[in-house]
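**Q** Dropping a structure here in structure tokens format, bear with me for questions.
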Ligand code: HEM
Ligand SMILES: [Cu+2]
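Protein chains in written order, with my numbering: chain A, 1 to 298; chain B, 299 to 827.
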């Protein structure tokens, strides 16, 4: 509440075309993906799916530039009061909370399989009768033997945490540090260190993604660790894959912030766009710590 | 977008009315327009989901297969459930939130108006996708609204892919809508409107929005795992790869149980405004209402496996989830007692909103009691997947959620349209709905206890009489809703002009603005003492 006397009027934008464009874009995109996946599964030679998907993607890209462009213009036009700023802050924080819950679903699946379903399938514990499905199946984690290897060929090995994953942990944690340094520079209006630290953060993020790709190639080509190699591969790739997608998005956000900073946007007091991107980046970092501990080490 | 900036500086007193034509609705950022669209969309889905229910009841009118094939019957039960839950009930409450929360807290609009419009328009897109699956090769979703794997993965029709994406769109819409609600309530309250002065509808929506943001992503997670199992060879829900179909149920119900509170808490809030108005007494136990709502919401994260008693969970699990579920009856009981105490010795009158609210309290309580019965793990072995369950959740959903929505609609229609609705017709709507729904759903308790399974198009001869009664009640209930449509249209087009405060016992900021509420309200926040 911006004080009883001095409240600025809350900015209510006039009509906007962006939401409906976003809706059309999303609809076309998911329709395209769905068509594509289904044609793939049905074994059709050709599919319109990719084309539809691509069109939807173009619409979405156009929308993102347009919508965020409008918001940036309004913000720089001085239309936003401190109260508006708080709305954005609440919005971004709850969005990140929703992302936390999205990851929670996959972490939950991992814990459930490791501590309940898996041991039961191996004949242990309360519901050990499940073992009669595949008598002789023994459960261990990492799961290097699946109940039905015909359908789900087990991996020959897994990724050791102390190679690339450890390196990636160091990279990502350092990137959180450099980003914080960038933020401090922003607060003091030190533009050059700001640019340097932010650029470094982006480079660290890209390096992370590069190593992640290398790890995936190694897993697929040399270890037989794939999406289809039983529940270990499924949880491994689902968790690290979605995390990787989030890192990509984070790098994108930070890059846009970098461009905006080059253009002279933001100042010591007003830089919520930058802060939102950095919140997101720290969130992605924290998820990685969880991944490193529960997916790779334990 | 330069037009936007031009308007901005004039924000003080520059009250322009709505734009003209279709584009007003497509491009709008106005919370009242968006609320109206949500409400109409919800009603359209209510009729669509209702017509699926009519197909179900027509088939079950007599034993034997008469009208539809079992395969199509499965699609009808599935689509009925999905459309009612995600298309009728949830959007109706978001529509009410859009209309009323800014008016109740003295805000000029929702906190993020463009995102608000986006949240709405995603819904027609999502439901176009969902309903189109019915026309696809292999038919639409046929695995029940709970879409258990492997029915929804290994054995699903190809259209399941589009079902998954439809769910993603709905989830996106809900999350953005909920973020908007939270930001509005936490940030846009008028000076002096402290948290503990907020109307209960605002409180219950704050808590509902929290639930939505917490569980819709989990739903997104579970459908994503399905998508991966179907198209990319993962084995989340396949024991052959070390996964577990029961994992699906855990993740689904972690979303699913809070979801039922998402559908009922806003109704609690609305009824908590309406009963004091017509009892002409302040709400009994406001503070305890707030805390009861919060504890219901928190407990709702700890009870999900009461839907899974028969699936084979360890004994400790059965016990834990049984007692945790029963615990929820405590705060729920607090609410029911508070409503009853509010009415106690009040000078009550029974206009349509009150009739629906009183019926809400009584019939929702019946649904609550059958819920307690289902919570008894050993007893649930008998009740599970029978019509008793169908009776239970319709008693909480129809006279709970839906009556709550009707009560709200009648209560606030004068504020929305500037006219009084036709009270006689509204009372007729109430009594027909009341009789119809009890006739449709009460007998289901008996056939359920006697063992009639749900989701099956045929049944044993011995259930014939009760099923015929059920179907007649269902047809009556369904037809009556066309009367509601008529009443609303009539009210929009004319009727006795409504004063700013049409209900003499009413309290709250929404009654300080004229009826119909101007296109822009509270551009400068009111002072709340
Ligand atoms: C016109 C009033 C309604 C009638 C006559 C009706 C009828 C039915 C019937 C007969 C079934 C059971 C089908 C079966 O298991 O064989 C059913 C299932 C269901 N109904 Fe309704 N219903 C009505 C309104 C609603 C409303 C308002 C909601 C939700 C807000 C709702 C939610 C559900 C759900 C979730 C299911 C379970 C679907 C499934 O088994 O997957 N119904 N309904
Ligand atoms: Cu439940």
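Where is the CB? At the ideal position from N, CA and C, for every residue including glycine.
#1: Using only alpha-carbon positions, find the residue among B:323, B:809, B:319 that is nearest to residue 20 of chain A.
#2: Are the C-beta of residue 212 of chain A and some C-beta of chain B separated by less than 8 Å?
#3: Buried or exposed: which applies to residue 51 of chain A, given that a residue is buried once 16 or more other Cβ atoms fall within 10 Å of its Cβ?
#4: Does the structure place the stretch 763–772 of chain B close enough to the stretch 690–697 of chain B that three or more beta carbon pairs sit under 8 Å?
#5: Tell me, which residues are paired with residue 823 of chain B by DSSP?
#6: Spell out a yes or no on whether the stretch 405–418 of chain B and the stretch 469–478 of chain B are touching, meaning 3 or more CB-CB pairs, one atom from each, closer than 8 Å.
#7: Can you find a C-beta in chain A that's less than 8 Å from the C-beta of residue 753 of chain B?
#8: Which of the three DSSP states, helix, strand or coil, is assigned to residue 684 of chain B?
#9: What first and last residue would you give for the alpha helix (DSSP H) that runs through residue 321 of chain B?
#10: Taking a Cβ distance cut-off of 9 Å, strictly less, list which residues of the stretch 526–553 of chain B are near chain A, in chain order.
#11: Could you give the DSSP three-state label for residue 574 of chain B: helix, strand or coil?
#12: Could you list the residues in the stretch 434–464 of chain B with a C-beta less than 7 Å from some C-beta on chain A, going in chain order?
#13: Between residue 618 of chain B and chain A, is there a C-beta pair that is closer than 8 Å?
#14: I'd like to know whether the C-beta atoms of residue 381 of chain B and residue 347 of chain B end up nearer to each other than 8 Å.
#15: List the residues of chain A whose Cβ lies closer than 7 Å to the Cβ of residue 610 of chain B, in chain order.
#16: My output table needs one value for residue 514 of chain B: the three-state DSSP class, helix, strand or coil.
#17: Would you verify that the beta carbon of residue 407 of chain B is, or is not, closer than 8 Å to some beta carbon of chain D?
#18: Just to confirm the assignment, what range does the alpha helix (DSSP H) spanning residue 791 of chain B have?
#19: Measuring CA to CA, which of A:230, A:252, A:236 is closest to residue 298 of chain A?
#20: Does residue 17 of chain A come out as helix, strand or coil in the three-state DSSP assignment?
#21: When we look at the beta-carbon of residue 310 of chain B and count the other beta-carbons within 10 Å, is it buried (16 or more) or exposed?
#22: Please state whether DSSP places residue 308 of chain B in a helix, a strand or coil.
#23: Determine the contact status of residue 211 of chain A and residue 168 of chain A, defining contact as a CB-CB distance below 8 Å.
#24: Taking the CB atoms as reference points, tell me whether residue 679 of chain B and residue 608 of chain B lie closer together than 8 Å.
#25: Express the C-alpha separation of residue 283 of chain A and residue 230 of chain A in angstroms, rounding to a whole number.
#26: Residue 791 of chain B: buried (16+ other C-beta within 10 angstroms of its C-beta) or exposed?
#27: Of all the CB atoms in chain A, is at least one closer than 8 Å to the CB of residue 497 of chain B?
#28: Pick helix, strand or coil for residue 301 of chain B, following the three-state DSSP scheme.
#29: Just checking residue 687 of chain B against ligand 2 - is the residue's beta carbon closer than 7 Å to any of the ligand's heavy atoms?
#30: According to DSSP, is residue 315 of chain B helix, strand or coil?
#31: Mind checking residue 763 of chain B: buried by the 16 CB within 10 Å criterion, or exposed?
#32: Sorted by chain position, which residues of the same chain lie with C-beta nearer than 6 Å to residue 776 of chain B's C-beta, five sequence neighbours on each side aside?
#33: Determine the extent of the alpha helix (DSSP H) in which residue 881 of chain B is found, giving its start and end residues.
#34: What residues in its chain sit with their C-beta under 8 Å from that of residue 563 of chain B, if we drop five residues either side in the sequence?
#35: Can you list the alpha helix (DSSP H) stretches of 4 or more residues lying completely in the stretch 428–478 of chain B, in chain order?
#36: Label residue 301 of chain B either buried or exposed according to how many other C-beta atoms from any shown protein chain fall within 10 Å of its C-beta, with 16 as the threshold for buried.
**A** With the structure as the only source:
#1: Looking only at B:323, B:809, B:319, the smallest Cα-Cα distance to residue 20 of chain A is reached by B:323.
#2: No, because no Cβ of chain B sits closer than 8 Å to the Cβ of residue 212 of chain A.
#3: An exposed status is given to residue 51 of chain A, since fewer than 16 other beta-carbon atoms sit within 10 Å of its beta-carbon.
#4: With the rule of 3 Cβ pairs closer than 8 Å, the stretch 690–697 of chain B does not count as touching the stretch 763–772 of chain B.
#5: Looking at the DSSP assignment, residue 823 of chain B forms no beta bridge with any residue, so it has no partner.
#6: Yes, the stretch 405–418 of chain B is in contact with the stretch 469–478 of chain B.
#7: With respect to chain A, the C-beta atom of residue 753 of chain B has no partner C-beta closer than 8 Å.
#8: Correct three-state label for residue 684 of chain B: strand.
#9: 320–325 is the extent of the alpha helix (DSSP H) around residue 321 of chain B.
#10: Listed by position along the chain: 526, 527, 528, 529, 530, 531, 532, 533, 534, 536, 537, 538, 539, 540, 541, 542, 544, 545, 548, 549, 552, 553.
#11: Helix, per DSSP.
#12: Per Cβ criterion, the list reads 456, 459, 460, 463.
#13: Chain A contact via Cβ: absent.
#14: Yes. Within cutoff.
#15: Correct list: 127.
#16: DSSP places residue 514 of chain B in helix when its eight states are reduced to three.
#17: The chain inventory of the structure shown lacks chain D, comprising the protein chains A and B.
#18: Its alpha helix (DSSP H) spans residues 762–791.
#19: Minimum Cα-Cα distance from residue 298 of chain A among the listed residues A:230, A:252, A:236 corresponds to A:236.
#20: DSSP places residue 17 of chain A outside both helix and strand once states are collapsed to three, so it counts as coil.
#21: Unreliable positioning characterises residue 310 of chain B in this predicted model, as indicated by a pLDDT of 40, which lies under 50. The coordinate reading is nonetheless provided below. Flag for residue 310 of chain B reads exposed.
#22: Interpretation of residue 308 of chain B is limited by its pLDDT of 38, a score under 50 that renders its predicted location unreliable; the figure taken from the coordinates is listed afterwards. Of the three classes helix, strand and coil, the one that applies to residue 308 of chain B here is coil, per DSSP.
#23: Contact annotation: residue 211 of chain A and residue 168 of chain A have beta-carbon atoms nearer than 8 Å.
#24: In this structure, residue 608 of chain B lies closer than 8 Å to residue 679 of chain B by Cβ.
#25: Answer to the nearest angstrom: the Cα atoms are 29 Å apart.
#26: Exposed, by the Cβ-count rule.
#27: By this cut-off, residue 497 of chain B is not an interface position.
#28: Below a pLDDT of 50, predicted positions are generally treated as unreliable, and residue 301 of chain B, at 36, falls in that range; the measurement from the model is reported next regardless. Reduced to three states, the DSSP call for residue 301 of chain B is helix.
#29: Incorrect: residue 687 of chain B has no Cβ contact closer than 7 Å to ligand 2.
#30: Residue state, collapsed to three classes: coil.
#31: Around the beta carbon of residue 763 of chain B, fewer than 16 other beta carbons sit within 10 angstroms, so the residue counts as exposed.
#32: The answer, listed in chain order, is 348, 352.
#33: The structure shown does not extend to residue 881 of chain B, since chain B is modelled only from 299 through 827, so no value can be given for it.
#34: These residues qualify, in order along the chain: 502, 503, 505, 506, 509, 591, 594, 595.
#35: Within the stretch 428–478 of chain B, no complete alpha helix (DSSP H) run reaches 4 residues.
#36: Since pLDDT at residue 301 of chain B reaches only 36, below the 50 mark, its modelled position is unreliable, and the value read off the structure follows with that caveat. Exposed.
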